[in-house]
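J.: So the protein sequences, as listed, match chains A and B. Position 184 of the first sequence, counted from 1, bears residue number 1469 in the working numbering, the numbering being contiguous throughout. Position 186 of the second sequence, counted from 1, bears residue number 1471 in the working numbering, the numbering being contiguous throughout. All C-beta atoms in this analysis are idealised placements derived from N, C-alpha and C, irrespective of residue type, glycine included. So that we are looking at the same thing, I have put the structure below in structure tokens.
Number of protein chains: 2
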Amino acid sequence: MTTSAGTRKGEHVRIGFIGLGVMGTPMALNLLEAGHRLTVHRVKERSQVLVERGAAAAASAKEVAAASDVVVLMLPDTPDVEHVLTGDGGVLSGLAPGSLVIDMSSISPVATRDLAQRVREAGSGYVDAPVSGGEAGAQQATLTIFVGGAAADVDRAMPLLRAMGRTITHMGEVGAGQATKVVNQVIVGLTIEAVAEGLALAEASGLDLATVREALSGGFATSRILELHGQRMVEGAFEPGFRMRLHRKDLGLALAAAEHYGSDVPATRAVVSQMEDAIARGWDDLDHSALFKVLTERSG
Amino acid sequence: MTTSAGTRKGEHVRIGFIGLGVMGTPMALNLLEAGHRLTVHRVKERSQVLVERGAAAAASAKEVAAASDVVVLMLPDTPDVEHVLTGDGGVLSGLAPGSLVIDMSSISPVATRDLAQRVREAGSGYVDAPVSGGEAGAQQATLTIFVGGAAADVDRAMPLLRAMGRTITHMGEVGAGQATKVVNQVIVGLTIEAVAEGLALAEASGLDLATVREALSGGFATSRILELHGQRMVEGAFEPGFRMRLHRKDLGLALAAAEHYGSDVPATRAVVSQMEDAIARGWDDLDHSALFKVLTERSG
């Protein structure tokens, strides 16, 4: 497939963007501000700004696809992506051959390979490009993006990804982006637990948390998470941020991948159990740094 | 106690240094090079350099103490410190009232409070000042040091600590330095496990480890450990560094402290179990980043 409704530098692309949430809205805005033509649907109050700045509103995912050469997805979970792509009135029912789907949601690597197969059979390309960096990264176009796909498809996606992110790495074939995101979420989740268990023990030992966090910075314990999430724990400030339930979902993908490949993840399993405890206590919409709260606020 | 065999800036102190291992030897050398008078004992090949540069060699811990105003300890474990301080021919049997003991070993915070009590009853001061930063930090005098003790004792110790370290924090009363070191080891151990479980899953998923490590750097997964220990895992380079069995010892202190204070450390317990697996497989003297090896090399 060499037809490419251009994504060379400076060229403007007809982009459909589906999934206008906390992350998707600022990401779509960055594409719009890079000069691309945007079609969206399900515009709510948060995403009204896109229409005000020139995005077209379509009535369905099918219509979004029909109006676009590249369709970007930024949805909550695997079933959402499956439904939007393959359901009645979904993207595949409107997509012209030679188009490109870029899925920036964080979903199952295994399901990703199946979906990519469906899209390819319809004559279009597929790239998985999940992100890390949160709302601030989405707003400032500084997201870290893990990319999976065939080289030609990735080349085509790259100029668009550059409008949304800063550190963009092609990890391998379709699914490799999602597999890397799963690895990222394992490391982030466990590092938060590391800081949470350490600071909870510090608090129990009668140490001053702010002094401990400061004293540890500069040594081997130094991490972005000690800096940012550690500060949240010191202050007891757990408004999100990245929600506990979404990280729990990502670690579900990690446990599935670990089982699939026979890889051992004993501490990750302990973190999942802590997250389930948090969710059972109604803290599903708190920031994931509330793992500290699970350790320090004993139940009943 | 206001008598202070001076540690004002520029003043030279009679220091006894006990524990001339991989860490202790370069630390003692830094004190010597700062112009202090040093007495040591149990000089081996590694520490011969100290005598060559002017340190006096004594026959026992008692003689070291008798020749010194400040005695610095850098020993492997709690029983070693107890023996050197309180045993026959130990420090307490030679120490003149008005002296100062600085224990830079990593030992039990609870035992530390008992030992400090014994030293105080003998009319001297006690400071616990465990370190982080490894052999390189000891050599370059860039150690992170966590200090516990009464303000006057800590003031007296501070100029000597500055000759050995860079980030030096007074954490609270006697034992607070050791308690902070325990917290540090929990966070470091769990962060290594975080990177190990992530990279092991990456390897199982068929991703290229070097690319994954690079791709994750810059996002929330960023840590000193992803940078340094992650590189060891990518290369399979597990010569120490910091030995598995010593980190296991430190986490034993963490489990004891957690039990003592009723603090929950579920993922730390999972890491201890992994470390015990490593030790059972004969990897006790490998670097602690060999936690990756435990996950990726299944036993027969």
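Compute the Euclidean distance between the alpha carbons of alanine 1231 of chain A and threonine 1465 of chain A, then round it to the nearest angstrom.
T.: Chain A is shown from 1286 up to 1585; residue 1231 of chain A falls before or after that span and cannot be answered.
J.: Shortest alpha-carbon distance to glutamate 1414 of chain B belongs to which of B:Arg1403, B:Phe1431, B:Leu1400?
T.: According to the sequence displayed, residue 1414 of chain B carries alanine and not glutamate. Residue B:Phe1431 is the option with its Cα nearest to alanine 1414 of chain B.
J.: Are there three or more Cβ pairs, one per stretch, closer than 8 Å when the segment 1307-1326 of chain B is compared with the segment 1415-1431 of chain B?
T.: yes
J.: Per DSSP, what are the beta-bridge partners of arginine 1528 of chain A in this structure?
T.: Bridge partners of arginine 1528 of chain A: A:Asp1572.
J.: For phenylalanine 1505 of chain A versus serine 1390 of chain B, is the C-beta spacing smaller than 8 Å?
T.: The Cβ-Cβ distance between phenylalanine 1505 of chain A and serine 1390 of chain B does not fall below 8 Å.
J.: Tell me, which residues are paired with phenylalanine 1431 of chain B by DSSP?
T.: B:Thr1454
J.: Within 8 Å, do at least three Cβ pairs link the segment 1559-1577 of chain B to the segment 1481-1488 of chain B?
T.: Result yes; three or more Cβ-Cβ pairs closer than 8 Å.
J.: When you check each C-beta in the segment 1452-1473 of chain B against every C-beta of chain A, which residues fall closer than 8 Å?
T.: Thr1452, Thr1454, Met1456, Gly1457, Ala1461, Ala1464, Thr1465, Val1467, Val1468, Asn1469, Val1471, Ile1472, Val1473
J.: From this set, B:Glu1458, B:Asp1572, B:Val1386, B:Ser1409, which residue's C-alpha is nearest alanine 1527 of chain B's C-alpha?
T.: It should be pointed out that residue 1527 of chain B corresponds to phenylalanine in this sequence rather than to alanine. Measuring from the Cα of phenylalanine 1527 of chain B, the nearest candidate turns out to be B:Asp1572.
J.: Could you tell me whether the segment 1338-1355 of chain A touches the segment 1316-1323 of chain A, where touching means 3 or more Cβ pairs closer than 8 Å?
T.: Segments in contact, yes.
J.: Could you name the residues of chain A that glutamine 1333 of chain B contacts, counting a contact when the two beta carbons are closer than 8 Å?
T.: Within 8 Å Cβ-Cβ: nothing; glutamine 1333 of chain B doesn't reach chain A, min ~30 Å.
J.: Is the Cβ of glycine 1526 of chain A closer than 8 Å to any Cβ of chain B?
T.: no
J.: Go ahead and pull the three-state DSSP assignment for arginine 1398 of chain B.
T.: When secondary structure is reduced to three states using DSSP, arginine 1398 of chain B falls in the helix class.
J.: Could you round the C-beta distance between glycine 1536 of chain B and glycine 1474 of chain B to whole angstroms and report it? I think they count as a contact, below 8 Å.
T.: Reading off the sequence shown, one finds leucine at residue 1536 of chain B, where the question assumed glycine. That belief holds up - the Cβ atoms of leucine 1536 of chain B and glycine 1474 of chain B are roughly 6 Å apart, short of 8 Å.
J.: What would DSSP say about isoleucine 1472 of chain A, mapped onto helix, strand or coil?
T.: helix
J.: Can you give me the C-alpha to C-alpha distance between alanine 1346 of chain A and glycine 1379 of chain A, rounded to a whole angstrom?
T.: 8 Å
J.: Out of curiosity, what's the CA-to-CA distance linking alanine 1435 of chain B and glutamine 1463 of chain B?
T.: 14 Å
J.: Please list, in chain order, the residues of the segment 1505-1517 of chain B that have any C-beta partner in chain A closer than 8 Å.
T.: Phe1505, Ala1506, Thr1507, Ser1508, Arg1509, Ile1510, Leu1511, Leu1513
J.: Which value, in whole angstroms, describes the spacing of the CA atoms of glycine 1457 of chain B and methionine 1518 of chain A?
T.: 20 Å
J.: Can you pull the chain A residues whose beta carbon is under 7 Å from the beta carbon of glutamate 1582 of chain B, in chain order?
T.: Near glutamate 1582 of chain B there are no residues of chain A at all, since even the closest Cβ is about 11 Å away, more than 7 Å.
J.: Nearest-angstrom Cα distance between arginine 1331 of chain B and leucine 1360 of chain B?
T.: 15 Å
J.: Please confirm if leucine 1531 of chain A has its CB atom under 8 Å from at least one CB of chain B.
T.: no
J.: Can you look up glycine 1410 of chain A in the DSSP assignment and give me helix, strand or coil?
T.: strand
J.: Whose C-beta lies closer than 6 Å to the C-beta of alanine 1542 of chain B among residues of the same chain, with five residues either side of it excluded?
T.: Val1467
J.: Does any residue of chain A have a CB that is nearer than 8 Å to the CB of glycine 1450 of chain B?
T.: no
J.: Using a Cβ-Cβ cut-off of 8 Å, state whether phenylalanine 1523 of chain A counts as contacting chain B.
T.: no
J.: Does DSSP classify alanine 1565 of chain B as helix, strand or coil?
T.: helix
J.: Which residues in chain A have a C-beta closer than 7 Å to the C-beta of valine 1556 of chain B? List them in chain order.
T.: Ala1552
J.: Starting from the beta carbon of valine 1431 of chain A, find every residue of chain B whose beta carbon is closer than 7 Å, and list them in chain order.
T.: One point to set straight first is that residue 1431 of chain A is phenylalanine, not valine, in the sequence displayed. Within chain B, the C-beta atoms nearer than 7 Å to that of phenylalanine 1431 of chain A come from Ala1500, in chain order.
J.: Threshold first: 3 residues or longer. Then list the beta strand (DSSP E) segments lying entirely within the segment 1317-1365 of chain A, N to C.
T.: 1322-1325, 1355-1358
J.: Enumerate in chain order the residues of its own chain whose CB-to-CB distance from asparagine 1469 of chain B is below 6 Å, with the five nearest sequence positions on each side excluded.
T.: Ser1417
J.: With a threshold of 8 Å on Cβ separation, who are the neighbours of histidine 1545 of chain B within its own chain once the five nearest residues in sequence on each side are excluded?
T.: Val1395
J.: One question on the structure: do arginine 1498 of chain B and leucine 1511 of chain B come within less than 8 Å of each other, judged by their Cβ atoms?
T.: Between arginine 1498 of chain B and leucine 1511 of chain B, the gap from beta carbon to beta carbon is short of 8 Å.
J.: So, with DSSP's three-state summary, where would you put glycine 1372 of chain A?
T.: coil
J.: If we ignore side chains and look at the alpha-carbon of each, how far apart do valine 1439 of chain A and isoleucine 1300 of chain A end up?
T.: 16 Å
J.: Does DSSP put isoleucine 1392 of chain A in a helix, a strand or coil?
T.: coil
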